[in-house]
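Report on the following structure.
Chains as they are written, first to last, in our numbering: chain A, 27 to 141; chain B, 33 to 142.
Structure below.
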């Protein structure tokens with residue numbers, strides 16, 4: 027029973043297209059994240075939502091738009107894809123407050139390749 | 033200066049040896065520090081957390097923290113080939129964000 031699941035796991039698309047990645051967690055966590063991991067393994071936070079509200083919005087092009095319909099889901103839509111968007115996108119969740127040990131539970135990642 | 037810095041490696045050690053992974057951070061007020069392990073093609077998983085100066089041991093893993101030097105390390109004793117992975121240091125900023133280093137790739141050779 028997967029705790030944090032992302033779909034699709036692989037996307038291959040052309041420059042200029044629009045694509046979406048979906049994420050769902052069944053851990054009951056309040057906080058969800060999108061991270062981008064580039065080819066050098068650098069894992070960088072993009073967005074964080076707490077109970078459907080945006081709380082972290084890093085310097086990310088506005089072609090990237092997150093949406094959280096409820097606290098168990100966080101989707102990422104990317105418009106006008108560029109070559110530099112090629113990366114692995116990880117969704118994660120955590121429980122904030124006193125129970126937060128700093129442990130993020132990551133999904134399996136979605137590998138995006140822009141041609 | 034990057035907020036969290038690690039040597040990308042690869043760090044190569046023979047089986048049974050001690051692997052020493054190092055990390056420095058720039059935000060002096062950081063209070064929480066974590067080590068994640070990421071196998072090739074997989075997602076990161078938390079293996080150690082440390083909040084106070086000194087050592088914290090968990091099985092073959094020891095995390096060491098020196099806040100004065102802004103330095104965190106991870107020691108892996110009796111290294112096994114199954115320990116071969118990328119180890120990511122992460123620091124919680126005062127805004128609550130978890131900031132990762134670029135990771136050190138460890139290769140344990142049989």
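Think of the CB as a built atom: it goes at the ideal place given N, C-alpha and C, for glycine as much as any other residue.
Fair warning: this is a prediction, and the values are worked out from it, not measured in the lab.
With DSSP as the reference, label residue i as helix, strand or coil.
i: residue 133 (chain A); result: coil
i: residue 110 (chain A); result: helix
i: residue 119 (chain A); result: strand
i: residue 110 (chain B); result: coil
i: residue 115 (chain B); result: helix
i: residue 125 (chain A); result: Since pLDDT at residue 125 (chain A) reaches only 46, below the 50 mark, its modelled position is unreliable, and no value is offered.
i: residue 87 (chain A); result: coil
i: residue 97 (chain A); result: coil
i: residue 42 (chain B); result: coil
i: residue 49 (chain B); result: coil
i: residue 102 (chain A); result: strand
i: residue 28 (chain A); result: coil
i: residue 37 (chain B); result: strand
i: residue 141 (chain A); result: coil
If you compare alpha carbons, which of the options is closest to residue i?
i: residue 29 (chain A); options: A:42, A:99, A:39, A:40; result: A:99
i: residue 78 (chain B); options: A:141, A:129, A:108; result: A:129
i: residue 38 (chain B); options: B:60, B:46, B:52, B:62; result: B:52
i: residue 85 (chain B); options: B:99, B:94, B:72; result: B:99
i: residue 14 (chain B); options: B:36, B:47, B:83; result: Examination of residue 14 (chain B) is not possible in this model, given that chain B is present from 33 through 142 alone.
i: residue 83 (chain B); options: B:61, B:72, B:109; result: B:61
i: residue 137 (chain B); options: B:36, B:43, B:35; result: B:43
i: residue 80 (chain B); options: B:110, B:71, B:74, B:91; result: B:91
How would you call residue i, buried or exposed, if buried means at least 16 neighbouring beta carbons within 10 angstroms?
i: residue 118 (chain A); result: buried
i: residue 108 (chain A); result: exposed
i: residue 50 (chain A); result: buried
i: residue 41 (chain A); result: exposed
i: residue 53 (chain A); result: exposed
i: residue 17 (chain A); result: A question about residue 17 (chain A) goes unanswered here, because the residues of chain A that appear run from 27 up to 141.
Kindly examine the ligand SAH and report whether one of its heavy atoms sits closer than 6 Å to the Cβ of residue i.
i: residue 50 (chain A); result: This structure lacks the ligand SAH; in fact it carries no ligand of any kind.
Between residue i and chain C, is any beta-carbon pair separated by less than 7 Å?
i: residue 76 (chain B); result: Here the protein chains are A and B, and chain C is not one of them.
Is the stretch 51-66 of chain A close to the stretch 74-85 of chain A, with three or more CB pairs under 8 Å? yes
Kindly provide the ranges of any beta strand (DSSP E) runs that are 3 or more residues long and lie completely inside the stretch 30-79 of chain A, ordered along the chain. 30-33, 36-39, 45-51, 57-63, 69-76
What are the uninterrupted segments assigned as beta strand (DSSP E) that are 3 or more residues long and contained completely in the stretch 55-141 of chain B, given in chain order? 64-70, 77-82, 86-90, 93-98, 103-108, 117-124, 130-132, 136-141
Three or more C-beta pairs below 8 Å linking the stretch 79-92 of chain A and the stretch 101-116 of chain B: no
Please determine if the stretch 67-77 of chain B and the stretch 114-124 of chain B are in contact, where contact requires at least 3 C-beta pairs separated by less than 8 Å. yes
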